[in-house]
Amino acid sequence: FADIGDIVRGRDLFYGNPQEKEKREQLDENLKKIFGNIYKDVTSTNRKTNKEAAEARYNDATGNYFQLREDWWTANRETVWKALTCEAGQNDKYFRDACSGGKSSTPNKCRCDGDVNIVPTYFDYVPQYLR
Numbered sequence: 037f038a039d040i041g042d043i044v045r046g047r048d049l050f051y052g053n054p055q056e057k058e059k060r061e062q063l064d065e066n067l068k069k070i071f072g073n074i075y076k077d078v079t080s081t082n083r084k085t086n087k088e089a090a091e092a093r094y095n096d097a098t099g100n101y102f103q104l105r106e107d108w109w110t111a112n113r114e115t116v117w118k119a120l121t122c123e124a125g126q127n128d129k130y131f132r133d134a135c136s137g138g139k140s141s142t143p144n145k146c147r148c149d150g151d152v153n154i155v156p157t158y159f160d161y162v163p164q165y166l167r
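Each residue of the sequence shown is one higher than the one before, counting from 37 in this note's numbering.
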């Protein structure tokens, strides 16, 4: 999950072997195009957003759109978590105790009581070299 956050936000440090590096660079270029399209959408005059504020916040001369990517991840991390765990079996466990008061590894598809969709980790905000 945390690695997905790093990739989306353009902060992935690991490129692996040459074939993986090539694919990772290709993925990053595709993400730049996707976030470029999102940038065009949020700064268009057809939107009900403040065009000038959006341009000031998200304009990135490098074409990486780091702030937009960061904001997108913040807004969508719970949805990504739900998508990753929605097909988890009832007995599948997350790697640490969370939401259970230390009684068991996170049961119930890695969700807290009431089936609320809370991501039980903030590892996606821990720098990659520290994980």
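No residue lacks a Cβ here, since even glycine has one placed at the ideal position from N, Cα and C. Every value quoted in this text rests on a predicted model; they were computed, and no experiment measured them.
| query | result |
| --- | --- |
| Taking only three categories from DSSP, how would you classify D77? | helix |
| Would DSSP call F50 helix, strand or coil? | coil |
| With distance defined between alpha-carbon atoms, name the residue in K118, E65, E88, V116 nearest to F99. | According to the sequence as given, residue 99 is Gly; it is not Phe. With distances taken between Cα atoms, G99 lies closest to E65. |
| Assuming R45 and W109 are in contact, meaning their beta carbons sit under 8 angstroms apart, how far apart are those beta carbons, in whole angstroms? | 5 angstroms |
| Give me the Cα-Cα distance between A90 and D107, rounded to the nearest whole angstrom. | 12 angstroms |
| Helix, strand or coil for R93, going by three-state DSSP, please let me know. | helix |
| Quick one: using the 10 Å Cβ neighbour count with 16 as the cut-off for buried, is F71 buried or exposed? | buried |
| Whose C-alpha, out of R113, N86, T79, T115, is nearest the C-alpha of Y101? | T79 |
| Just curious, the alpha helix (DSSP H) that V44 is in, first and last residue? | 38-44 |
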